[in-house]
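Asker: To start, I am sharing the structure in question, which I have written as structure tokens.
Residue numbers (our numbering): 193 to 310.
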């Protein structure tokens, strides 16, 4: 692994921890429900961060939470700029992590197959 990609990974891990704290303690947007930051991918030049989040609830809750997060992105970036030892805080883009939904769907299918076979 190259030095730049290792640094991007370390910065991503730091951003993930900071965002989790900021969302829990400082973001009061009522649209944002139960959100978990599942991953952060930072560009090699550290200028952009793609933040994957898992949201509890139905599709409407997920859309509302994503809207709230997008609305809070500038505030969160400013907070990260204060907390992280970077020249410039990365631009943040939120997207839903569908991994948990996918796992739950597979579990339902497997349970259905098991019940049908039994």
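Virtual Cβ for every residue (Gly too), placed ideally from N, Cα, C.
Is residue 284 near the ligand SAM, judged by its Cβ being under 8 Å from some heavy atom?
Answerer: Judged by which ligands are present, the structure shown has none, so any question about the ligand SAM falls away.
Asker: Using CA coordinates, which residue listed in 283, 293, 232 and 267 is at the minimum distance from residue 202?
Answerer: 232
Asker: Determine the extent of the alpha helix (DSSP H) in which residue 269 is found, giving its start and end residues.
Answerer: 251 to 275
Asker: Quick one: Cα of residue 260 to Cα of residue 309, how far?
Answerer: Their Cα atoms are separated by approximately 44 Å.
Asker: What number of angstroms, rounded off, separates the C-alpha of residue 265 from the C-alpha of residue 205?
Answerer: C-alpha separation (whole angstroms): 18 Å.
Asker: For residue 228, which of 234, 235 and 254 has the nearest alpha-carbon?
Answerer: The candidate whose alpha carbon is nearest that of residue 228 is 254.
Asker: Output needed for residue 226: all residues of its chain with C-beta closer than 6 Å, excluding positions within five of it in sequence on either side, in chain order.
Answerer: Same-chain partners within the cutoff: 248.
Asker: Assuming contact is defined by CB atoms lying nearer than 9 Å, are residue 211 and residue 272 in contact in what I supplied?
Answerer: yes
Asker: Measure the Cβ-Cβ separation of residue 282 and residue 207 and say whether it is below 9 Å.
Answerer: yes
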